[in-house]
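Residue numbers (my numbering), protein chains in the order written: chain A, 1 to 113; chain B, 114 to 226. First up is the structure itself, then whatever we jot down about it.
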Amino acid sequence: NAGVTQTPKFQVLKTGQSMTLQCAQDMNHNSMYWYRQDPGMGLRLIYYSASEGTTDKGEVPNGYNVSRLNKREFSLRLESAAPSQTSVYFCASSDEVFIETQYFGPGTRLLVL
Amino acid sequence: GESVGLHLPTLSVQEGDNSIINCAYSNSASDYFIWYKQESGKGPQFIIDIRSNMDKRQGQRVTVLLNKTVKHLSLQIAATQPGDSAVYFCAENPYNQGGKLIFGQGTELSVKP
Chain A
1 NAGVTQTPKF QVLKTGQSMT LQCAQDMNHN SMYWYRQDPG MGLRLIYYSA SEGTTDKGEV
61 PNGYNVSRLN KREFSLRLES AAPSQTSVYF CASSDEVFIE TQYFGPGTRL LVL
Chain B
114 GESVGLHLPT LSVQEGDNSI INCAYSNSAS DYFIWYKQES GKGPQFIIDI RSNMDKRQGQ
174 RVTVLLNKTV KHLSLQIAAT QPGDSAVYFC AENPYNQGGK LIFGQGTELS VKP
């Protein structure tokens, strides 16, 4: 049982490049989330998916898109990366009973030059 | 909004002492609160939670206290160990917001041997 996994662990992009961050969970959770964490700050919600087939904006959605591919996978896409998107990105999931208790992946460190 | 590069509040304690980490939450309608521990280079890890109909909840070596009157949450760690060194985040779940969490800035706990 791996929990929440994220790929890649680390990525360097040039301004304007695109990339997709992958997230998968094996806990059969309905809800999945994408956060970003900037130095010295808490996590801010980018997008979330309450269930397969649905996605909603969080606090900081601009510059990102998401896809809930199936119940297990939730991807985050940067269409045209900007230096302001340099951050650590965390994916999380929660089940429908204890929906607020989120389990986090190890993170993807993204540097945009 | 928050500024990039803020220094985290820090708490330094001696090994074996008790630690108290405080958090002020923002939304009086929040009815669920969680403490997470984040070690360097890892994702946040669930420690303990509490619902708004409780004032206190105990776990293994940890206790969470909730004061709804002043919107204050605290995490007490008994007999602090070097392995407790990490950044600790409180998070609140506003009522009727599904699984959405609002995270605090975090406090860095440093345990001196």
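Ideal Cβ placement from N, Cα and C applies to all residues, glycine included.
> Which residues, in chain order, does the region 152 to 176 of chain B contribute to contact with chain D at a C-beta distance below 9 Å?
Replying inline: Considering every chain present, this structure includes no chain D. Its protein chains are A and B.
> Looking only at its own chain, which residues have a Cβ that is under 6 Å from the Cβ of A:ARG109, when we skip the five neighbours before and after it?
Replying inline: Start at 1 with the first residue of the first sequence, and residue 109 of chain A comes out as number 109. These residues qualify, in order along the chain: PHE10 and VAL88.
> What are the boundary residues of the beta strand (DSSP E) that includes B:TYR208?
Replying inline: Here residue 208 of chain B corresponds to residue number 95 of the second sequence, with the count starting at 1. According to the DSSP assignment, B:TYR208 belongs to no beta strand (DSSP E), since it is labelled neither H nor E.
>> Quick check: what's the CA-CA separation for B:LYS184 versus B:ALA137?
In response: Position 71 of the second sequence, counting from 1, holds the residue named residue 184 of chain B. Position 24 of the second sequence, counting from 1, holds the residue named residue 137 of chain B. Taking the straight line joining both Cα atoms gives about 6 Å.
> Can you list, in chain order, the residues of its chain whose CB lies under 6 Å from that of B:PRO207, leaving out five sequence neighbours each side?
Replying inline: Position 94 of the second sequence, counted from the first residue, corresponds to residue 207 of chain B. So the qualifying residues of the chain are ASN140, ALA142 and SER143.
>> Under 7 Å, CB to CB, which of the residues in the region 122 to 136 of chain B have a partner in chain A?
In response: none
>> On the CB-based measure, 16 or more other CB atoms within 10 Å of its CB, does A:ARG182 come out buried or exposed?
In response: What the structure shows of chain A is the stretch from 1 to 113, and residue 182 of chain A is not part of that stretch, so it cannot be assessed.
>> Using only CA atoms, which one of B:ASN131, B:SER153 and B:SER125 lies nearest to B:ALA199?
In response: Within the second sequence, residue 199 of chain B is the residue found at index 86, counting from 1. Checked all of B:ASN131, B:SER153 and B:SER125; the closest Cα to B:ALA199 is B:SER153.
> A:LEU21 touches chain B at which residues, Cβ-Cβ below 8 Å?
Replying inline: Here the question's residue 21 of chain A lines up with position 21 in the first sequence. What A:LEU21 touches in chain B: nothing, since even the nearest Cβ is about 13 Å away.
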